[in-house]
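Student: In my numbering, the protein residues as written are 838 to 1230.
(1) Using a Cβ-Cβ cutoff of less than 6 Å, which residues in the same chain neighbour residue 1136 once the five nearest sequence positions on both sides are dropped?
(2) Assuming contact is defined by CB atoms lying nearer than 7 Å, are residue 867 and residue 850 in contact in what I supplied?
(3) Is it buried or exposed for residue 987, if we count other Cβ within 10 angstroms and need 16 for buried?
(4) Let me know the secondary structure DSSP gives residue 951 once reduced to three states.
(5) How is the beta strand (DSSP E) around residue 828 delimited, first residue to last?
(6) Just to confirm, is the Cβ distance from residue 1157 to residue 1224 under 7 Å?
(7) Does the beta-carbon distance from residue 1148 to residue 1175 come in below 7 Å?
(8) Starting from the C-beta of residue 1082, find all residues in its chain whose C-beta is less than 6 Å away, skip the five residues before and the five after it, and write them out in chain order.
(9) So residue 947 and residue 921 are in contact, right, with Cβ under 8 Å, and what is the actual spacing, rounded?
(10) So what does DSSP say about residue 1102, is it helix, strand or coil?
(11) Looking only at C-alpha atoms, which of 1064, 932, 1103, 955 sits nearest to residue 989?
(12) Measuring alpha carbon to alpha carbon, tell me which residue in 875, 876, 1015, 882 is nearest residue 860.
(13) Between which two residues does the beta strand (DSSP E) harbouring residue 880 extend?
(14) With distances taken Cα to Cα, identify the nearest neighbour of residue 1049 among 1000, 1090, 1014, 1087.
(15) Taking its Cβ as the centre, do 16 or more other Cβ atoms sit within 10 Å of residue 1152, making it buried, or is it exposed?
(16) Let me make sure I understand the geometry here. Which of 974, 1053, 927, 1170 has the alpha-carbon closest to that of residue 1105?
(17) Could you check what DSSP says for residue 999 in three-state terms: helix, strand or coil?
(18) Quick one: what's got a C-beta closer than 6 Å to residue 857's C-beta in the same chain, skipping five residues either side?
(19) Residue 1127 and residue 1107 look like a contact to me (Cβ under 8 Å); what is the Cβ gap, rounded to whole Å?
(20) How should residue 1205 be labelled, buried or exposed, when 16 other C-beta atoms within 10 angstroms of its C-beta is the threshold for buried?
(21) Under a Cβ-count criterion, where at least 16 other Cβ atoms within 10 Å of its own Cβ denotes burial, should residue 880 be classed as buried or exposed?
(22) By DSSP, does residue 1075 sit in helix, in strand, or in coil?
(23) With distances taken from CA atoms, which of 865, 892, 911 is nearest residue 901?
(24) Could you tell me the distance, in whole angstroms, from the CA atom of residue 1190 to the CA atom of residue 1198?
(25) Provide the residue span of the beta strand (DSSP E) that contains residue 1170, from first to last.
(26) Could you give the DSSP three-state label for residue 1094: helix, strand or coil?
(27) Expressed to the nearest angstrom, what Euclidean distance is found between the alpha-carbon atoms of residue 1010 and residue 950?
(28) If distances are taken between C-alpha atoms only, which option among 1040, 906, 1021 comes closest to residue 1027?
(29) Can you tell me the Cα-Cα spacing of residue 914 and residue 932, whole angstroms?
(30) Helix, strand or coil for residue 844 per DSSP?
(31) DSSP has residue 893 in a bridge; who is on the other side?
(32) Please classify residue 1192 as buried or exposed, where buried requires at least 16 other C-beta atoms within 10 Å of its C-beta.
(33) Under 7 Å, do residue 821 and residue 1103 count as touching if we go by C-beta distance?
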């Protein structure tokens, strides 16, 4: 994990997009000035995990609620779509800067925005989620720029929506909507007609659990969409692995524990190694981190790979000097124990002998390291458990 955006630059709603066409993910951020205006900037990814410290101005609008990147006008350049309290706005990227195109603001209380080809006509449509008197979703077909749109209700009403994604979840050739709520689990709205005219609601997982951040993407490289979630109650960042092409079977993994002050989360190939990594930021440490993806396993190997039940503990915790790390795992393994500081620097790596299951122990000597919070990863590629250590001197 590496720090990307320290300091006092604009850091609200960080969103990834290749704004200059160099095949590297840049970062767009937003700053609200407290009086109802929002200012959007982007910073260039220079490669090798270095970002330009100078912000490039995109544009201004009303108080920004959500930000999404997509090539709406299909000119080959990534544009920025935003929602505000009373409208949604497009910043069109012409390859040499941005121009502002204000969209219709007739749907008041817009909270979230996205995009997808809901009617199958080959061009991107806009998805809008409202939080006014009726919580619901609407997709809008774009009829050209300057902006005009036709409106098509999806019809699902629920509690507070904390995140949404547009994708073909069941791989039937039509674009669906998946949304996470604060108290009613995850809703999957299947585009059953294929043209955006009829949607069917399906609940994924426990309908009583609420989530505060959310994304859909293929984290394990098996060609079907998984769920990346943050449970604000436990503070855990979760990967719900999709085990079936029709999205009927799921397996939950904990990626990071105890992130009680998480403010945003995203995924991209940050190190250029061909798999998706997880980008997240915590206000507790005023830092942005990325979690390297070591979970890629060939789909053909998965049926024979036992997952087992794992429990990772450290004691004493907090500790002074030396701490014992204990991994209990009901599967054959040769696990590794890895300790990092919060800047992503690996401090120790311990490999223990293979056994058919049970308890593995490793001692971490921190006498040469300063006081602070450390991150522990234990397990094997594709099956990592994480926890935190607090070192005091």
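No residue lacks a Cβ here, since even glycine has one placed at the ideal position from N, Cα and C.
Please read all numbers here as calculations on a predicted model, not as lab measurements.
Tutor: Reading off the structure:
(1) Annotation note: pLDDT 29 at residue 1136 (below 50); position unreliable, no value reported.
(2) yes
(3) exposed
(4) strand
(5) The first residue shown for the chain is 838 and the last is 1230, placing residue 828 beyond what the model contains.
(6) no
(7) no
(8) 1008, 1061
(9) 7 Å
(10) strand
(11) 955
(12) 882
(13) 874-880
(14) 1000
(15) exposed
(16) 1053
(17) strand
(18) none
(19) 5 Å
(20) exposed
(21) buried
(22) strand
(23) 865
(24) 10 Å
(25) Per DSSP, residue 1170 belongs to no beta strand (DSSP E) and is neither H nor E.
(26) coil
(27) 22 Å
(28) 1040
(29) 6 Å
(30) For residue 844, the pLDDT reaches just 36, beneath the cut-off of 50, and the residue's location in the model is therefore unreliable, although a value from the coordinates is still provided. Of the three classes helix, strand and coil, the one that applies to residue 844 here is coil, per DSSP.
(31) 879
(32) exposed
(33) The structure shown does not extend to residue 821, since the chain is modelled only from 838 to 1230, so the question has no answer here.
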